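A.B. asks: Numbering follows my numbering, in which position 59 of the sequence shown is assigned residue number 92; successive positions increment by one, without gaps. Below is one structure. I have some questions about it.
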Amino acid sequence: MVKLNEDMKKLIEENALAFATVDDNGNPHCITVGFAKMVSNKQVLITDNFLVETTNNIKINPNVALTVWSRNWEDDCKGFELKGIAEYFKDGKWYEEIK
């Protein structure tokens, strides 16, 4: 993942995101994420709100994409896609950080 600047972090934390995974047959699966938290310049935490298919896909294939764009996109279109490797946590530091 690219190093995120402050404007990118703000866009991630203040907007809904599209989060895409792929299942074991190569079929894409994209969901909306309403809450994300930046924990470093290269790490984004998202919550598991009944993400059964998404979490199963991450366990099979951790390659993911996250897309975000500004709410006022008609007047001030800003956005980007991030690609990276996801990890799923049921406990520990990151679990405690986001719950």
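Ideal Cβ placement from N, Cα and C applies to all residues, glycine included. For clarity, every value in this text was computed on a predicted model and none was experimentally measured.
#1: Pick out whichever of 75, 55, 54 has its Cα sitting closest to the Cα of residue 39.
#2: Near residue 68, what residues of its chain come up, given a Cβ to Cβ distance below 6 Å and the 5 sequence neighbours on each side ignored?
#3: Which of the three DSSP states is assigned to residue 87 in this structure?
#4: Inspect the beta-carbon positions of residue 98 and residue 84 and report whether they are closer than 9 Å.
#5: If you draw a straight line from the C-alpha of residue 122 to the C-alpha of residue 109, how long is it?
C.D. replies: In short:
#1: Sorting 75, 55, 54 by C-alpha distance to the C-alpha of residue 39 places 75 at the top.
#2: Excluding residues within five positions, the ones whose Cβ falls inside 6 Å are 80.
#3: Three-state result, residue 87: helix.
#4: No, the Cβ-Cβ distance between residue 98 and residue 84 is not below 9 Å.
#5: CA-to-CA, the gap between residue 122 and residue 109 works out to about 35 Å.
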